[in-house]
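**Student:**
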Amino acid sequence: MDDRCSGSSCDTAQPPAAAPAATPLRYTLDANDAIVAVAGDWDRFALANGGEAILAARIIGRRLDDFIAGDVTRMFVRTMLMSARTLRREVQRPYRCDSPQMKRLLQMTITPRADDALDVCHRQLRQDPWPHPVPIVRPAHAAATTFIKRCSMCNRIRVRQEWCELDQALRAASLPTAASLNVVYGVCPDCLRTLGAGRPAAPAIRNPQALPPAAKTRG
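Residue numbers (our numbering): 711 to 929.
Now the structure itself:
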């Protein structure tokens, strides 16, 4: 649901462990994109991942936009919702939703219903452990003067015009301590292109041994 996890709170207080959902997480939107129902192990997953703020009782009746940080990400999600409604067909997008212990790849599936309602399902496809625990970075606050850009879909960050994994940048001393980062969430060019082309290209769970070479620069 949130742009950082589109269904959980992956960048809130650090969870005690990576806790995958036993069943897919689902919610239903009405024609105005208000959340009218949730299903699956919603509350269990939220509590296991530091997401007390998004327990079912606290989100029913609120608009999905309330849980999306960043104008670009908000537009990205709105485009997916509009596509499902306009084309009257299912829309799928993979995305990353990491914890300090695990890199997690999920898939968001949007299914149109009658009266422009939408069923949204988040299913975990894969999870791999980080070589070392990676602190969860915080979204930028209003008083921040310097920002790091992070993609809401693939979770990479932009360092010197390259998009790379957070742990790679920390290990290469390209960034300060993750706990001190002010992050602005958006969508990287690669993920924007997959939306424009209609391709469900999955954000990779990469082998984090080095920063991407210049030949793979992502600006």
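Each residue gets a CB set at the ideal place from its N, CA and C atoms; glycine is no exception. As the structure is a computational prediction, the values presented were derived from the model and not from experiment.
For Ala827 versus Ala756, is the C-beta spacing smaller than 8 Å?
**Tutor:** No. Outside cutoff.
**Student:** If Ile778 and Ile745 are in contact, beta carbons under 8 Å, what's the gap, nearest whole angstrom?
**Tutor:** Going by Cβ atoms, the distance from Ile778 to Ile745 rounds to 12 Å, so no, they are not a contact pair.
**Student:** Straight-line CA distance for Gln834 to Tyr805?
**Tutor:** Distance between the alpha carbons of Gln834 and Tyr805: 10 Å.
**Student:** Grab the span of the alpha helix (DSSP H) containing Val782 for me, first residue to last.
**Tutor:** 781-797 is the span of the alpha helix (DSSP H), which, as asked, contains Val782.
**Student:** Which residue's Cα is closest to the Cα of Asp825: Arg798, Arg881, Gly896, Gln817?
**Tutor:** The shortest Cα separation from Asp825 among Arg798, Arg881, Gly896, Gln817 belongs to Arg798.
**Student:** Going by DSSP in three states, Ala749 sits in which element: helix, strand or coil?
**Tutor:** It is a strand residue.
**Student:** Helix, strand or coil: which one does DSSP assign to Leu765?
**Tutor:** Three-state DSSP puts Leu765 in coil, outside helix and strand.
**Student:** So, His832 versus Pro734, is the Cβ gap smaller than 8 Å?
**Tutor:** A contact, by the Cβ cut-off of 8 Å.
**Student:** For Thr796, does the count of other Cβ atoms within 10 angstroms reach 16, so buried, or fall short, so exposed?
**Tutor:** Exposed.
**Student:** Using the Cα positions of Met785 and Asp775, report the straight-line distance between them to the nearest angstrom.
**Tutor:** Computed Cα separation, rounded: 10 Å.
**Student:** Once DSSP output is grouped into helix, strand and coil, what is the label at Gly904?
**Tutor:** One detail in the question is off: residue 904 reads as Thr in this sequence, not Gly. Three-state DSSP puts Thr904 in a helix.
**Student:** Of the choices Tyr737, Arg736, Leu876, Arg768, whose alpha-carbon is the least far from that of Gln811?
**Tutor:** Per the Cα distances, Leu876.
**Student:** Are there 16 or more other CB atoms within 10 angstroms of the CB of Met790, so buried, or fewer, so exposed?
**Tutor:** Buried, since its Cβ has 16 or more Cβ neighbours within 10 Å.
**Student:** According to DSSP, simplified to helix, strand and coil, what is Ala741?
**Tutor:** If DSSP states are grouped into helix, strand and coil, Ala741 belongs with coil.
**Student:** State the Cα-Cα distance for the pair Thr904 and Met863, rounded to the nearest angstrom.
**Tutor:** In a straight line, the C-alpha of Thr904 is about 11 Å away from that of Met863.
**Student:** Within 10 Å of its beta-carbon, does Pro899 have 16 or more other beta-carbons around it, so buried, or fewer, so exposed?
**Tutor:** By the neighbour-count rule (16 or more Cβ atoms within 10 Å), Pro899 is not buried but exposed.
**Student:** Please determine, among Gly761, Ser793, Gln871, the residue with the shortest C-alpha to C-alpha distance to Thr819.
**Tutor:** Looking at the Cα atoms, Ser793 is the closest of the given residues.
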